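With UniProt numbering applied, the sequence shown corresponds to residues 1 to 717, in that order. We put the beta carbon where it would ideally sit given N, CA and C, even for glycine. Here the structure is a predicted model, which means the values were calculated and not measured. One structure is given below, encoded as structure tokens.
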Amino acid sequence: MASAPRFIPRSITPTSEQVAIQCSQHRITLIEANAGAAKTTTLALRIGEALARGLAPEQILALVFTDEAKEVLHERLKALGVAPFIVNKLALYTVEDFAHHVLHFWEEENPPRLSSLHELKPMALEALDHLSQHPTAQYGDELEFRTHHVALSQFFQSQLRLKASLAVFLNEEENAAEKALQFGVTLSDFLWTQHYEILRQSPYEGVLFRGPQDATYDLASTLLEQPDLLELLPEYRLIVVDELHDANEAAFQILRLLAQRPQTYVVAAGDKDQVIQKHLAADATYLHARFEAYFEQLVRLPLTYTYRHGPYLAYATAQFKQKKVDSLLPLATQIHVHRYAQDQAVVPVVQALLQWQRQGGQLAQCAVLFRDVHQSIHLENQLLTHGVPYTLHGMQSYLQRDEILFLRAWLALALRDLAAIQQSSLRERMVRALALFSELSFTELDIAAAAAEIAETPALLRFFYEGQMMRRASEHDQWRFKETLGYLEQVSADTSAAEVLAHLMQTLDVANVAKRIYVFDHAAEVIQKSMSAFLAMAQQLNLGVAPFYQWCAQHDPSTHAVPHAVMLSCVAQAKGKEYEHVLLPYLEMGEFPSLQQDAEMERNLFYVGITRAQKRLSLFVPQADHQVSEYVHELRLEQLHVPTQQRLHDLQQSAVGRQLSTASSQAAAQRINLRVPFAEKDQAKELGARWDPVQRVWFVPPGVSPAPFTRWVRSSS
1 MASAPRFIPR SITPTSEQVA IQCSQHRITL IEANAGAAKT TTLALRIGEA
51 LARGLAPEQI LALVFTDEAK EVLHERLKAL GVAPFIVNKL ALYTVEDFAH
101 HVLHFWEEEN PPRLSSLHEL KPMALEALDH LSQHPTAQYG DELEFRTHHV
151 ALSQFFQSQL RLKASLAVFL NEEENAAEKA LQFGVTLSDF LWTQHYEILR
201 QSPYEGVLFR GPQDATYDLA STLLEQPDLL ELLPEYRLIV VDELHDANEA
251 AFQILRLLAQ RPQTYVVAAG DKDQVIQKHL AADATYLHAR FEAYFEQLVR
301 LPLTYTYRHG PYLAYATAQF KQKKVDSLLP LATQIHVHRY AQDQAVVPVV
351 QALLQWQRQG GQLAQCAVLF RDVHQSIHLE NQLLTHGVPY TLHGMQSYLQ
401 RDEILFLRAW LALALRDLAA IQQSSLRERM VRALALFSEL SFTELDIAAA
451 AAEIAETPAL LRFFYEGQMM RRASEHDQWR FKETLGYLEQ VSADTSAAEV
501 LAHLMQTLDV ANVAKRIYVF DHAAEVIQKS MSAFLAMAQQ LNLGVAPFYQ
551 WCAQHDPSTH AVPHAVMLSC VAQAKGKEYE HVLLPYLEMG EFPSLQQDAE
601 MERNLFYVGI TRAQKRLSLF VPQADHQVSE YVHELRLEQL HVPTQQRLHD
651 LQQSAVGRQL STASSQAAAQ RINLRVPFAE KDQAKELGAR WDPVQRVWFV
701 PPGVSPAPFT RWVRSSS
């Protein structure tokens with residue numbers, strides 16, 4: 001049985017589940033947490049307990065996966081009463097920063113740390129050039145060498161996945177084509193990554209640079225190849241890990257090797273139902289199965305109770321995920337299900353936002369979470385129409401996405417009015433989109449120079465068409481481009497924009513172009529849906545082609561921050577966040593869940609989406625029952641009213657009881673902090689004062705008379 005806790009936190013009373021974790025004496029303690037179940041707070045309690053038992057702060061390592069999580073843990077420790085001086089001495093890192101820290105200690109020179117695709121692009125293009133000049137004979141006909149920004153973005157995404165999986169290079173008897181298929185990347189990107197790594201890690205000059213997640217990959221690879229190097233690292237006695245559901249093979253191997261020292265204890269928290277970072281090789285096996293393969297002294301402890309929302313949503317989540325979920329928050333969190341007509345899907349979303357505002361809620365506490373970016377188009381227009389301010393997180397406004405800029409660029413070409421676009425950077429992006437979706441072969445230097453020149457002098461767009469597009473295009477594409485521009489120049493300015501766009505999309509064969517450019521099926525489908533939604537929006541506006549083009553130019557979003565605005569984001573970008581009111585639109589089969597994606601990940605995405613809500617969750621479903629997302633049915637909302645009301649009543653009664661109990665016993669139970677000069681510490685100790693090594697303060701224990709300590713009583717106590 002675990003001993004009683006020595007660290008008494010400020011401002012909270014830990015639950016029995018939290019105390020069990022705080023005092024766990026197992027070598028490996030894995031916390032199976034629900035969303036909003038105070039994972040970070042519980043890990044902070046475990047750190048506080050270790051400090052209270054005499055562990056030096058330098059012997060504690062705390063690892064997280066994002067800067068935001070690191071900041072939250074830092075502040076949570078201070079809020080619970082750990083002295084800032086102590087908190088600052090803890091080894092608190094993201095996994096990537098920890099890897100950089102260790103490698104910097106080992107390496108003679110510190111290679112530059114590059115964080116943007118712009119900085120990494122020259123090296124990626126150099127590696128591709130080397131691959132194209134030295135293709136593997138057996139795969140030569142299967143390789144595609146493309147340098148546009150979508151291909152580069154897909155390459156970096158593939159590279160991250162391969163490195164996170166520690167799967168960049170082949171082992172004996174492995175086949176490149178089979179390994180690429182196994183890890184969900186193209187053969188071209190797999191071989192490109194190998195050449196990129198050979199370039200990055202020069203056998204003569206060492207590591208030349210590190211991009212995102214490269215340090216984690218380098219440290220994991222180095223420790224696996226040279227485990228003796230572990231002896232050069234500090235011997236951490238306690239390692240705590242937050243958001244373990246974001247772990248991948250590279251991060252796990254680092255953690256495993258650190259934990260194999262016999263005096264090291266690990267406490268790690270995660271939620272298997274929040275594993276959504278599949279593109280970074282995250283997997284639920286890192287929450288327990290992989291640990292069980294290496295460690296015997298292991299225990300799994302739960303964090304069942306959520307503090308984010310009330311029982312109604314907690315019980316709905318339990319039904320959906322078929323696991324135990326409860327709430328300790330006496331809050332009547334609401335769940336509203338709204339029906340929409342097929343052509344009016346976003347109207348009830350705007351109405352729900354306006355109703356929230358009328359009821360006193362703040363728009364800044366609302367988040368509309370989409371399954372995919374194409375779903376924002378109609379809602380953005382409705383919000384503009386109703387004057388509702390909004391901001392976007394992790395996504396661009398639909399008017400500024402590549403596929404939409406491509407269509408707008410053709411209209412600009414026909415109307416000879418690129419100058420109507422106010423932002424020079426946007427004019428430049430329209431030129432790049434035109435080249436991208438026209439599938440023209442430009443070097444980066446050529447397209448960058450052309451785009452910059454046309455952005456500065458918009459009239460040059462016509463010369464770009466005649467001198468570059470037509471010259472570089474195949475005979476078939478030349479015919480398509482001539483047909484397209486000829487049609488656009490023949491129609492009148494008042495011709496329906498929707499009719500013109502439909503003809504444009506058909507003639508340019510944008511659906512198949514998207515499939516060729518976006519090698520991942522789901523990404524190509526999203527692009528096609530985005531264009532279709534843009535066409536539907538044009539039909540609703542019912543404008544001629546020239547007024548429609550001007551309307552788009554006038555509604556290009558400003559680059560300035562919008563105060564008091566609704567947040568629009570995709571579910572995947574919202575993990576780790578919470579909002580008073582969460583709205584999930586387009587909950588219909590084929591949209592959410594997406595039929596193109598892994599079924600388990602789709603369920604996890606929905607779970608993440610609904611559990612961001614605190615006070616209200618609004619779900620928007622089609623009128624036809626057979627079209628409603630199966631996920632909404634699985635919440636079993638109708639069955640939860642009675643148990644929810646009973647649980648709410650119990651929680652509210654318990655809250656009143658706790659308040660009365662606290663009021664009657666506070667004076668007796670509250671400890672009194674003292675301000676004791678160093679020279680007088682022995683006197684205070686003889687009188688019965690105690691020293692708190694975590695908060696770094698002397699105090700009068702509860703139940704001891706404060707009279708002898710009057711001269712040392714802190715004014716703040």
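- Query: On the three-pair Cβ rule with 8 Å, is the stretch 544 to 553 touching the stretch 576 to 584?
  - Reply: Output reads no: the stretch 576 to 584 does not touch the stretch 544 to 553.
- Message: Helix, strand or coil for residue 56? Go by DSSP, reduced to three states.
- Response: If DSSP states are grouped into helix, strand and coil, residue 56 belongs with coil.
- Message: Between 701, 685, 650, which has its C-alpha nearest residue 673's C-alpha?
- Response: 701
- Message: Please report the straight-line C-alpha distance between residue 149 and residue 305, rounded to a whole angstrom.
- Response: 45 Å
- Query: Does the distance from the CB of residue 427 to the CB of residue 389 come in under 8 Å?
  - Reply: no
- Provide the residue span of the alpha helix (DSSP H) that contains residue 781, from first to last. The structure shown does not extend to residue 781, since the chain is modelled only from 1 to 717, so the question has no answer here.
- Message: Less than 8 Å between the C-beta atoms of residue 267 and residue 86, yes or no?
- Response: no
- Roughly how many whole angstroms lie between the Cα atoms of residue 176 and residue 163? 15 Å
- Query: Should residue 211 be labelled buried (16 or more other beta-carbon atoms within 10 Å of its own) or exposed?
  - Reply: buried
- Item | Three-pair Cβ contact test at 8 Å for the stretch 507 to 523 versus the stretch 536 to 545 | no
- Task: Can you tell me the Cβ-Cβ gap for residue 721 and residue 242, rounded? I've got them flagged as a contact below 8 Å.
- Result: The structure shown does not extend to residue 721, since the chain spans only 1 to 717, so no value can be given for it.
- Nearest-angstrom Cα distance between residue 682 and residue 57? Cα to Cα, the separation comes out at about 25 Å.
- Message: Tell me the DSSP secondary structure of residue 393 in three-state form.
- Response: Residue 393 falls in the strand class under three-state DSSP.
- Applying the criterion that 16 or more other CB atoms from any shown protein chain within 10 Å of the CB defines a buried residue, is residue 165 buried or exposed? buried
- Message: Between the alpha carbons of residue 666 and residue 97, how many angstroms are there, rounded?
- Response: With a pLDDT of only 43 at residue 666, under the threshold of 50, the placement of this residue in the model should not be trusted, and no figure is reported.
- At which residues does the alpha helix (DSSP H) containing residue 698 begin and terminate? It is not in any alpha helix (DSSP H) - residue 698 instead sits in the beta strand (DSSP E) that spans 697 to 700.
- With contact counted as at least three CB pairs below 8 Å, one residue from each stretch, are the stretch 41 to 49 and the stretch 14 to 21 in contact? Yes, since at least three Cβ pairs between the stretch 41 to 49 and the stretch 14 to 21 fall closer than 8 Å, the two stretches touch.
- Between which two residues does the alpha helix (DSSP H) containing residue 604 stretch? 599 to 610
- Which of the three DSSP states, helix, strand or coil, is assigned to residue 589? coil
- Query: Is residue 265 helix, strand or coil by DSSP?
  - Reply: strand
- Can the beta-carbon of residue 179 be found closer than 8 Å to that of residue 170? yes
- Item | Option nearest residue 35 by Cα separation, candidates 694, 314, 472 | Among 694, 314, 472, the Cα nearest to that of residue 35 is on 314.
- Task: Use the C-beta contact count for residue 343: other C-beta atoms within 10 angstroms, 16 or more gives buried, fewer gives exposed.
- Result: exposed
- Give me the Cβ distance between residue 534 and residue 398, rounded to the nearest whole Å; I'm assuming they're in contact under 8 Å. 7 Å
- alpha helix (DSSP H) runs wholly inside the stretch 504 to 583, at least 4 long, in chain order: 510 to 517, 521 to 541, 545 to 554
- Item | Contacting residues, own chain, Cβ-Cβ under 6 Å from residue 695 (five flanking each side not counted) | 81, 83
- Task: State the beta-bridge partners of residue 334 as determined by DSSP.
- Result: 616
- Query: residue 382 to residue 345, Cα distance in whole Å?
  - Reply: 11 Å
- Task: Assess, as a yes-or-no matter, whether the stretch 92 to 111 is touched by the stretch 210 to 226 under the definition of 3 or more beta carbon pairs within less than 8 Å.
- Result: yes
- Rounded to whole angstroms, how far is the Cβ of residue 609 from the Cβ of residue 571, which I believe are closer than 8 Å? 4 Å
- Task: Look up residue 325 in the DSSP assignment and give the residues it is bridged to.
- Result: Its beta-bridge partners do not exist; DSSP assigns none.
- Item | Span separating the alpha-carbon of residue 255 from that of residue 410 | 52 Å
- Message: Considering only their Cβ atoms, is the gap separating residue 412 from residue 461 smaller than 8 Å?
- Response: yes
- Task: Please look up how many angstroms separate the CB atoms of residue 619 and residue 587, rounded, as I've assumed it's under 8 Å.
- Result: 6 Å
- Excluding five sequence neighbours on each side, which residues of the same chain lie with their C-beta closer than 6 Å to the C-beta of residue 575? So the list reads 608, once near-sequence residues are dropped.
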